[in-house]
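J.: Residue numbers (the numbering used here): 206 to 467. C-beta: ideal position from N, C-alpha, C; glycine also. Provided herewith is a single structure, encoded as structure tokens, for subsequent inquiry.
Written out as structure tokens, the structure is:
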């Protein structure tokens with residue numbers, strides 16, 4: 206109103222009367238990564254945030270606040286979350302964000318940094334609450350991407366526009382009761398794979414040996430003699446009679462032969 210114009214005129218007059226001393230108090234500098242939000246008589250000055258570089262304020266009636274636009278990182282404290290499959294886990298995270306609108310960060314929120322921290326915790330709990338334990342363990346990148354998309358969408362009513370370039374989930378604390386069920390399969394899986402590969406290689410070698418023996422009867426006799434040598438080398442009371450099967454078959458009755466072959 207009229208009073209604002211009068212007070213503004215008096216402030217300009219004071220600046221002129223105290224020139225050049227007033228210059229040192231009325232010219233301010235902000236860095237490349239900063240912006241200055243200026244208020245004149247309690248109202249936001251038109252033109253948006255100032256900077257980087259120098260800007261001018263009138264004595265006594267102007268005030269300003271600096272806003273850092275650099276990326277800020279913070280740790281989200283461990284959050285106890287009940288997953289979709291009713292498992293309680295503790296998850297922490299590292300969030301990186303930066304303010305995209307300096308003016309809104311001052312006029313819309315009392316403390317943008319603290320509000321962002323609380324919003325990140327709430328969003329993390331809400332997103333992980335819709336996931337099962339296996340999804341949390343295997344889809345960390347997707348969860349981070351969902352956080353990046355969800356948080357800016359919530360900010361127009363609560364926070365200034367934010368940019369979340371990165372969110373990571375470094376640690377996941379699991380209950381002790383379910384650790385054996387998760388760890389044991391991981392430990393036994395390599396052994397099962399090695400055992401399966403060994404059985405496959407052994408079956409291939411056995412097939413190759415059987416093909417060679419079937420092509421050469423002498424190889425079968427040689428294998429038979431090697432087996433006898435191995436058995437005789439052991440200290441036992443077993444007596445081996447290396448008699449041909451055709452020779453033994455002559456002394457077996459016909460009805461016992463049928464039972465034997467059956």
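Let me make sure I understand the geometry here. Which of 272, 249, 400, 267 has the alpha-carbon closest to that of residue 257?
T.: Minimum Cα distance to residue 257 is reached at 272.
J.: One question on the structure: do residue 254 and residue 240 come within less than 8 Å of each other, judged by their Cβ atoms?
T.: For residue 254 and residue 240, yes; Cβs fall inside 8 Å.
J.: How about residue 276 and residue 285: are their beta carbons less than 8 Å apart?
T.: Not in contact: residue 276 and residue 285 (Cβ atoms no closer than 8 Å).
J.: Below 8 Å on the Cβ atoms is my guess for residue 296 versus residue 282; work out the distance and round it to an integer in Å.
T.: So it is not a contact: roughly 10 Å between Cβ atoms.
J.: Could you round the C-beta distance between residue 320 and residue 264 to whole angstroms and report it? I think they count as a contact, below 8 Å.
T.: Incorrect: roughly 33 Å between the Cβ atoms, too far for contact.
J.: Per DSSP, residue 285 forms a beta bridge with which residues?
T.: Beta-bridge pairing links residue 285 to 295.
J.: Sort 327, 410, 266, 406 by Cα distance to residue 210 and report the nearest one.
T.: Looking at the Cα atoms, 266 is the closest of the given residues.
J.: Any idea what DSSP makes of residue 336, helix, strand or coil?
T.: Residue 336: coil per DSSP, three-state reduction.
J.: In angstroms, rounded to a whole number, what distance separates the CA positions of residue 214 and residue 262?
T.: Each residue's Cα considered, the two are about 13 Å apart.
J.: For the alpha helix (DSSP H) containing residue 221, list its first residue and its last residue.
T.: That run of the alpha helix (DSSP H) goes 207-222.
J.: What does a CB cutoff of less than 6 Å around residue 287 pick up in its chain, not counting 5 residues either side in sequence?
T.: Hits under 6 Å: 293.
J.: Going by DSSP, name the residue or residues bridged to residue 273.
T.: The partner list for residue 273 (beta bridge, DSSP) reads 239.
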